[in-house]
Amino acid sequence: MATLRYGLKVEANNVWAVIDVFTGQTVVLGGCLMSNLPRDEADDLLDLLNLKDGIRRGTIKVPRRPPEDEDKG
C-alpha cells in the first residue's frame, strides 16, 4: 500500500494541523495555512486531501460513469 501523503499533528491548546508527511510542512490551501483546526475539521480535510492525492497518483481508482442516455425525453 502506498504511503498516505497527508497526516495530522496536534498543536498547542488541543488544535490540529494537516501536514505533508513527505516534507513535514503544514499544508497551505488557497493561501491559507491548514492549522489551528478543530480535530473533526482537520480529520475531514485529511481524508479529502488523501483521497485526491490517491486518485492523482493512481493508487485509488475511480470508476468511470457510463454515458447518459441522450434519447430520454
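Take any residue in the sequence shown, count from 1 to its spot, add 21: that is its number in the numbering used here. Glycine included, every Cβ here is placed at the ideal spot set by N, Cα and C.
- Excluding its 5 nearest sequence neighbours in each direction, G28 has C-beta neighbours in its own chain below 6 Å: I40, V42, listed in chain order.
- A straight line joining the alpha-carbon of E89 with that of K82 spans about 21 Å.
- In this structure, the beta-carbon distance from R78 to A23 falls below 8 Å.
- In this structure, T47 sits near A38, with a CB-CB distance shorter than 8 Å.
- Note: D41 is bridge-paired with Y27 in the DSSP secondary-structure output.
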